[in-house]
Amino acid sequence: MRKKPMVLLAVILGAAALALAQVYDLTDFHALGRMYQPAPDGHGVGKDNGPGRGTHHPGEDCGRCHRPGGRAEGYIWTMAGTLYADRPGKSVLANGEIILQDREGQVVSLTSNQAGNFWTTSPLASDPYTVATTHGHEPFIPLYTLDSNGNLVTAAPADDPSTWHYKTWVRKGNAVRPMMTIAGAGGSLTTPRMSCNMHHGGVAHRAGALWVGRVPTLEFYPTQHLGYRKHIYPILRSNCAPCHIPGKTVTPRNSRTDIETPSTAVDYSGGLDLMTYEGSEVQSPLYHPTIPYKVIAYETIRKKGVADVVDPGSPPKSLLLVKTVEGGMPHGGGTFWNQGHPDYRALSEWIREGARNN
Ligand code: HEC
Ligand code: HEC
Numbered sequence: 000m001r002k003k004p005m006v007l008l009a010v011i012l013g014a015a016a017l018a019l020a021q022v023y024d025l026t027d028f029h030a031l032g033r034m035y036q037p038a039p040d041g042h043g044v045g046k047d048n049g050p051g052r053g054t055h056h057p058g059e060d061c062g063r064c065h066r067p068g069g070r071a072e073g074y075i076w077t078m079a080g081t082l083y084a085d086r087p088g089k090s091v092l093a094n095g096e097i098i099l100q101d102r103e104g105q106v107v108s109l110t111s112n113q114a115g116n117f118w119t120t121s122p123l124a125s126d127p128y129t130v131a132t133t134h135g136h137e138p139f140i141p142l143y144t145l146d147s148n149g150n151l152v153t154a155a156p157a158d159d160p161s162t163w164h165y166k167t168w169v170r171k172g173n174a175v176r177p178m179m180t181i182a183g184a185g186g187s188l189t190t191p192r193m194s195c196n197m198h199h200g201g202v203a204h205r206a207g208a209l210w211v212g213r214v215p216t217l218e219f220y221p222t223q224h225l226g227y228r229k230h231i232y233p234i235l236r237s238n239c240a241p242c243h244i245p246g247k248t249v250t251p252r253n254s255r256t257d258i259e260t261p262s263t264a265v266d267y268s269g270g271l272d273l274m275t276y277e278g279s280e281v282q283s284p285l286y287h288p289t290i291p292y293k294v295i296a297y298e299t300i301r302k303k304g305v306a307d308v309v310d311p312g313s314p315p316k317s318l319l320l321v322k323t324v325e326g327g328m329p330h331g332g333g334t335f336w337n338q339g340h341p342d343y344r345a346l347s348e349w350i351r352e353g354a355r356n357n
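Just so you know, we're using numbering that gives the first Met the number 0 here: the sequence shown kicks off at 0 and counts up by one.
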């Protein structure tokens, strides 16, 4: 590690302890609550599964047909999609659980069928103060109206899926992936529909598939002489993107509180870019407050890289592993593996061999 490893570790352990000492209100959508709230428990798993067989069109945007005026308008789902075992979406995952919790604390639980598909008609709570944005950035257009005293006159339309606010987790066995969702992505007044496949696409899509699983990344794992480019980068690429990427990774602002208290926005990379060894520096546009897409300036976004979270020669002291292994530190991205997983062992061996950019 280039920085003093023990100091860094102590600071992070301290912060983690603080974070854990707090109890996250299930209905609370503040930054830490989004990152660390454990998946809800105690509900009936699959209690909200929709009726039918639903084995067709896995991976497609279900809402393309299941919407008013669409080919399957007799069946309108509030939430539907496909769950995969891997982020690129190569193999579907049966019997995984998709958990949503809306802003009123209501839990919706769905299980994926043999095609990986899930769907429901259960309603999700709408935020009366929803703000529309242009792809997550300014201008912010309120979907509600206020009187001159600031009192709510008209609430944002509750049947518009983009006003539904909820968090999401996907779970299979002990593996849980928090999605840190803040608001419904997709759907609008003109396209009143929702499908998880709209914002979790296939390989080419930055978001990747909706996935939870422990499929080994590599086809072949050498026991020694691990290479950064050949073995380590592919593992990080397929597990740690899209969160730990260069550039701006702040959750979109979707509601009046997000705009009045910007602290509700979360940098879902934690300032860490795992796609580069040394870290990165990217110019990111700042937008005009009222003119859509008009860039007014650029800000520099600097991030730490892989080298900053490894302690060469010492896997147990390396944050890269401590943050992602079962029983390690709490991590905004969840746990990925136990110590016997081939990906974990490859990362561990590469660190033991010096964590070189080889
Ligand atoms: C290309 C159009 C299309 C897409 C995409 C699509 N469906 Fe359908 N779906 C249909 C049609 C057509 C029906 C039959 C409607 C009817 O009988 O009125 C249907 C019926 C269903 C049914 C009830 C009948 C059954 O098979 O049990 C379910 C459940 C279902 N779809 C789930 C899904 C899910 C989940 C997705 C996304 C992964 C999806 N559909 C994507 C067209 C589509
Ligand atoms: C769903 C998003 C997400 C994914 C996927 C994810 N992370 Fe994270 N990670 C976060 C967030 C948010 C933080 C900041 C909060 C924290 O420290 O837990 C973070 C922090 C970290 C940190 C601490 C950085 C520091 O300097 O304190 C490390 C190390 C880390 N992640 C490693 C990984 C690795 C390795 C993977 C892939 C195996 C991964 N993460 C996947 C969201 C994610």
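We put the CB at the ideal spot given by N, CA and C, even for glycine.
Between Gly-353 and Cys-195, the gap from beta carbon to beta carbon reaches 7 Å or more.
Placement of the Cβ of Glu-59 at a distance of less than 6 Å from at least one heavy atom of ligand 1 is found. A check of alpha carbon separations from Thr-144 across Gly-58, Pro-138, Ala-154 identifies Ala-154 as the nearest. Annotation note: the region 266-325 contains the following uninterrupted alpha helix (DSSP H) runs of length 4 or greater, listed N- to C-terminal: 318-321. Annotation for Ala-93 indicates a beta carbon at 6 Å or more from all heavy atoms of ligand 1. Within the DSSP secondary-structure output, Ser-125 pairs in a beta bridge with Trp-163. In the same chain as Leu-151, and ignoring 5 residues on each side of it, the C-beta atoms closer than 7 Å to its own belong to Pro-127, Tyr-143, Leu-145, in chain order. Under the three-state reduction of DSSP, Ser-347 is assigned to helix. Excluding its 5 nearest sequence neighbours in each direction, Cys-61 has C-beta neighbours in its own chain below 7 Å: Trp-76, Ala-79, Gly-80, Trp-118, Ser-194, Asn-196, listed in chain order. With a cutoff of 7 Å on beta-carbon distance, Thr-334 and Glu-348 are scored as not near each other. With a threshold of 6 Å, the Cβ atom of Lys-322 counts as near ligand 2, since some heavy atom of the ligand is closer than that.
No Cβ-Cβ contact shorter than 7 Å links Arg-255 with Val-211. Annotation: the continuous alpha helix (DSSP H) that includes Arg-255 extends over 255-259. Of all alpha-carbon atoms in Asn-48, Gly-332, Thr-162, Pro-39, the one lying nearest the alpha-carbon of Ser-121 is that of Asn-48.
Rounded to whole angstroms, Gln-282 and Asp-159 show a C-alpha spacing of 34 Å. For a cut-off of 8 Å, the C-beta gap from Ser-108 to His-42 is around 5 Å, short enough to register as a contact. Distance between Ala-114 and Val-91, taken at the CA atoms: about 6 Å.
Distances from the alpha-carbon of Ala-208 to those of Cys-239, Thr-263, Gly-269 put Cys-239 closest. Three or more beta-carbon pairs separated by less than 8 Å link the region 231-248 to the region 268-280, which places the two stretches in contact. For the pair Pro-341 and Tyr-232, the CB atoms are not nearer than the 7 Å cut-off.
Relative to Arg-228, the option among Pro-87, Cys-242, Val-130, Ala-345 whose CA is nearest is Ala-345. At a threshold of 6 Å, Tyr-220 does not count as near ligand 2, since its beta carbon sits no closer than that to any of the ligand's heavy atoms. Per DSSP, the beta-bridge partners of Ile-97 are Leu-109, Val-169. The beta carbon of Asn-357 lies closer than 6 Å to those of Gly-226, Tyr-227 in the same chain, with the five residues before and after it left out. In its chain, beyond the 5 residues on either side, Thr-81, Gly-88, Asn-196, Gly-201 have a beta carbon closer than 7 Å to the beta carbon of Gly-58. Judged by DSSP secondary structure, Leu-217 falls outside any alpha helix (DSSP H); it is assigned neither H nor E. When rounded, the separation of the alpha-carbon atoms in Val-169 and Ala-157 is 25 Å. In summary, Asp-307 is buried, with 16 or more beta-carbon neighbours lying within 10 Å of its beta-carbon over all protein chains present.
Across the structure, Gly-331 and Tyr-35 are spaced so that their CA atoms are roughly 6 Å apart. Per the coordinates, the alpha-carbon of Gly-104 lies some 47 Å from the alpha-carbon of Thr-222. Here Ala-84 has Ser-90, Leu-92, Gly-212, Val-214 as same chain residues with Cβ atoms under 6 Å from its own Cβ, once five neighbours each way along the sequence are excluded. Counting C-beta atoms within 10 angstroms of its own C-beta, Leu-285 has fewer than 16 neighbours from the protein chains shown and is therefore classed as exposed. Distance from the C-beta of Leu-217 to the nearest heavy atom of ligand 2 is not below 6 Å. Under DSSP, Pro-141 shares a beta bridge with Val-130.
When DSSP states are grouped into helix, strand and coil, Met-178 belongs to the coil group.
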